[in-house]
Amino acid sequence: MSTEATTTSEPSTATQADALPLPGSARALLAKVSTRAATAWHRFEPVLVRVGDWLNPILVKETRQALKSRYFLVVFILLLALCWVATIGAVAVIGPSIYYGASGSTLLWIYSIFLAVWMLIFVPYAAFRSLAAEREDNTYDLMSITTLKPRQIISGKLGSSVAQMMVYFSALTPCLAFTYLLRGVDLATIIVLLAYAFFSSLGLSMLGLLLATSTQNRVSQVFMSVGFIVMLLFACFLGLNGAYGAIFSGFGFRLLDSTEFWIFTAALFTLYSTSFALAFYAASGMITFATENRSTPLRICMLVQQAAWIGWMSYGWIYDQFRLQGIVYMMMFAGMYWYIMGTMLTGECPEMSQRVKRQLPSTKLGRVYLTWLNPGPGSGYMFVIANTTGVAVICVLGMIASSFSSTAGPGWPGADEVTLLLILGWSYLVAYLGLGMIVVGALRRVAEVTMLASVLVHFLVLLAGSGIPSVVQAMSVEMRDLDYSFMQVTNPFWSLSHVADGGMAEGYVLVLIVPAAAICMLLLNLRGVVRELQQVRIAPPARVLTDEAELHPPPEAQPTNPWDE
Amino acid sequence: MIRTATPQIELRRLHRVFDQTHAVNDVSFEVYAGEVFGYIGPNGAGKTTSMRILATLDEPSAGDALVDGFSVVDDPDRVRRRLGFMPDYFGTYQNVNVREYLDFFARAYGLTGRERLSAIDAVMEFTQLDTLAEKPIDGLSKGMKQRLCLGRTMIHNPSVLVLDEPAAGLDPRARIELRDMISNLAESGKAILISSHILTELAEICDRVGILEQGRLLAVGSVAEISARAEVQSSVHVRVLEDPQRLRSWLAARDDVAELRTEEDLTTFNFAGDRPAEAALLRAMIESGFSVVEFGARHKSLEDVFLHVTEGRVQ
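Keeping their order, the protein sequence lines are chains A and B. In terms of this note's numbering, the first sequence is residues 4 to 568. In terms of this note's numbering, the second sequence is residues 33 to 347.
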């Protein structure tokens, strides 16, 4: 706002200089300097205005609000006061040994507590409340009908969190630097600590925003708020544990020389960045107008996350000398991941809006490869199947590679077990998602089924399939003492663990039943899938084309030769 | 009023269903540039729901609403650039002053640099908030907050304004000022859809009205058109020099006269006819030999029309 204020009140520098009781030469010099300063300011001002225009409006507004907010002032002054008290207290306690002792690590640990509380509790909770309060104060509606995109709203809120973090860092960083001067802690530890605090805070803020967008109901918001605080306290506890280890392990710079540390950090960063992107697009999708395409960006994020996951698992598998165990873990995590994602993707609205239809791929190649990214439960189901099939193919290739490796060696699991697990895991996923989709489809005929309700339906179906046979077996006098029976064919957890434990005889039977069931479910859902696949791109209305031409006029034709006018 | 070929607001068989409630039921109407369209109906009639759909805050269950030719369902982003919505609540931020509030919304509508500054200045001047630029919005009176909200609504110079109960809770002076502002906006060519419970005010500024009850649009048109269509009668009083009983008998014989009352020399009755019919009635009285010394007709107000058209049902 300061830039705007200056535009309306341009001070007359000469008049101001004249008003001062100065000798003539000094007054002339002062006037000259003032005029130059004013000229420089007038040149600089448009730059500031441009920078201000480039900034996210929400970031600008929230920074202004924060600077005037009592809450922010109290929290910041409290942090400063604590840092000062800790520093002065520590210096007093250490006493003369401050000149020769190595007491930095203890003080760094104390600062880490402040860092964790402020970064892992206050900042993420403020992000959560910031968006939740917009709904409570009825300002969210006003903001959502502006031309701000949902992604801008989320990134603005995140930017505001980053601005807060920077302010808190500015209070803490001199103290952290002071611990370095006290010896006993090296710069690498401090930098790693700050970096982890920053990214953890940013990640938790993103999670807070995702939770804030997930419900509009006040009661749910209260429950979510309590749950989020508990989560933040737990994150703070974990962060402090990690900080304690980093500070007192004494690794320091040796950590930076360690290949394992960098590999671990790179793997963690891959997981962090892909999950962050997924949460970001999910939060944006939650506040996006229902007729817009909210699914495709999320599916792309899932694809990228899966690719990163496969990459790191492959690295781990090679590092582990091609042992088949790695393949089993890859399958297991991929199965869980795609089941959870599948419960949401198959809960998408089956009706495709005109707006989405305008953006459908139009080329044959595009239709073949990109149709699976289109929104809709049918395409979501096929997207999950395609991805799990992709993982299965990679696992098979891995098995073949393992068979050529001399280092893989014998032991658990054998190639037969892995093959059975692969087929059964894929089949259970396809069957359960397909069955859940049928139930959701039936419910949709009588009531509106939200995505959350769809997720619940899927989990209930899985729970029924797994729980009912277990309960029946536990209640039956004849079967109670039996280990695994074919009654558990609908229980994927028991069946898969039984095969993994070497129950090959049952495995060979299951491999006939479960894939057949999966194919049946796939065929039953095929009608809906085909209906979605038959959707074709439609032309935008003439009014939209006219508006588009007005907004983005084609560039004027440039002369291509000297004779052109 | 400038009547353009394409309507600025168009509701096409709009429906909105919430569980068991049909909040908006097959509503269709059009509003043109420069026109003020009054949207009236009892509480729960579906006014706010249809306005929220127009403002892209809600989706219709069926049908469509168009703003400047763009569907609120398929092109909400294009609609938002053209529409300013003033809801029936304030929605103000804490620790923000008037200028900062308007600046935020100007930025949110994509206004940059000098364009943004001049838009803020213009809006503050129009709403007469320029003297309160640095005042925190928490400390503003209700009337001032209403002005600020109107200012926010028009910060991006939209061609369509949707105002939900803008005069609610305002004192008489603030109401008159708001009414003048709305009239000025309409004169500048904006299409305005306005809902209010204060029907006398709507009657003064609206070119046309739509009467809504239980989600259904019962009547659309100017007050006079609706009165005529609904056969709302005007109230006529006649004073004659002698023989009011003969006048009573003469009037009682006519089909277009009802609810006849005579008190001394004054006769009052309801008359089903427009202005020319009233003139013809007066002429007929004089030709029949009545010494008419006073003849007056009061046409039904918007309130009368509203009460006549609606049945007071709520859902």
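Just so you know, even glycine gets a beta-carbon here, dropped at the ideal spot from N, CA and C.
Collapsed DSSP secondary structure at B:V326 in the structure displayed
One detail in the question is off: residue 326 of chain B reads as Glu in this sequence, not Val. DSSP places B:E326 in strand when its eight states are reduced to three.
Residues in its own chain within less than 7 Å of A:A166 by CB, not counting five upstream and five downstream?
L62, T66
List the endpoints of the continuous alpha helix (DSSP H) containing B:N216.
204-219
Between the beta-carbon of A:V195 and the beta-carbon of A:L258, is there less than 9 Å?
yes
Check each residue of the stretch 349-373 of chain A: if its Cβ is closer than 9 Å to any Cβ of chain B, include it; give the result in chain order.
S356, Q357, R358, R361
Less than 9 Å between CB atoms is the rule here; does A:I343 satisfy it with respect to chain B?
no
Got a sec: is the Cβ-Cβ distance from A:S158 to anything in chain B below 9 Å?
no
Would A:V225 be called buried (16 or more neighbouring beta carbons within 10 Å of its own) or exposed?
exposed
Using the beta-carbon of each residue, which ones in chain A are nearer than 7 Å to B:T144?
D56
Between which two residues does the alpha helix (DSSP H) holding A:H555 run?
Segment: none, A:H555 is in no alpha helix (DSSP H) and carries neither H nor E.
State the Cα-Cα distance for the pair B:V252 and B:R240, rounded to the nearest angstrom.
7 Å
A:I148 versus chain B: which residues are under 7 Å apart at the beta carbon?
A87, T88, L89, R112, F117
Could you name the residues of the stretch 284-299 of chain A whose beta carbon sits closer than 7 Å to any beta carbon of chain B, in the order they occur along the chain?
F292, A293, T294
At least 3 beta-carbon pairs within less than 8 Å: the stretch 287-307 of chain A vs the stretch 331-339 of chain A
no
List the DSSP bridge partners of B:L298.
B:R271, B:E295
Which residues in the same chain have their Cβ closer than 8 Å to the Cβ of A:V532, if we skip the five residues on either side of it in sequence?
G381, S382, Y384, M385
Kindly indicate if chain B contains any beta-carbon less than 9 Å away from that of A:S223.
no
Quick one: what's got a C-beta closer than 7 Å to A:A545's C-beta in the same chain, skipping five residues either side?
none
B:V241: first and last residue of the uninterrupted beta strand (DSSP E) it sits in
240-245
Using a beta-carbon distance below 9 Å, is B:Q126 in contact with chain A?
yes
Distance check for A:V52 and A:S12, CA to CA, integer angstroms please.
Residue placement at A:S12 cannot be trusted, given a pLDDT of 43 that sits under 50; what the coordinates show is reported in the next sentence. Spanning the two alpha carbons is a distance of roughly 16 Å.
I'd like the span of the alpha helix (DSSP H) that includes A:Y332, first residue to last.
327-348
Span separating the alpha-carbon of A:N59 from that of A:E559
32 Å
Going by DSSP, which residues form a beta bridge with B:Y71?
B:S227, B:G242
Have a look at B:L273 and B:R293 and give me their C-alpha separation to the nearest angstrom.
17 Å
Whether or not the stretch 167-183 of chain A and the stretch 97-117 of chain A are in contact is what I'm after, with contact meaning three or more pairs of Cβ atoms, one per stretch, closer than 8 Å; do they touch?
yes
If you scan the stretch 115-168 of chain B from start to end, which runs of the alpha helix (DSSP H) of 4 or more residues do you find wholly inside it?
130-140, 145-158
How far does the alpha helix (DSSP H) with A:N73 in it extend, from its first residue to its last?
Reading the sequence as shown, one finds Arg at residue 73 of chain A and not Asn. Here the alpha helix (DSSP H) through A:R73 covers 73-97.
Short-range partners of chain B found in the stretch 110-142 of chain A, where Cβ spacing is below 8 Å:
D140, N141, T142
Check the DSSP bridge columns for B:D196 and list the partner residues they point to.
B:S227
Out of B:Q246, B:G247, B:L225, B:I230, which one is the CA nearest neighbour of B:P204?
B:I230
Please look up how many angstroms separate the CB atoms of B:T300 and B:S267, rounded, as I've assumed it's under 8 Å.
7 Å
Examine chain B for any beta-carbon lying closer than 9 Å to the beta-carbon of A:Q68, and answer yes or no.
yes
Quick check on A:I250: does DSSP put it in helix, strand or coil?
helix
Which whole-angstrom value describes the C-beta separation of A:L425 and A:G510, a residue pair presumed to lie in contact below a C-beta threshold of 8 Å?
The pair is not a contact, with the Cβ atoms about 11 Å apart (cut-off 8 Å).
Is B:S103 close to chain C, meaning its C-beta is less than 9 Å from at least one C-beta of that chain?
The structure shown contains no chain C; its protein chains are A and B.
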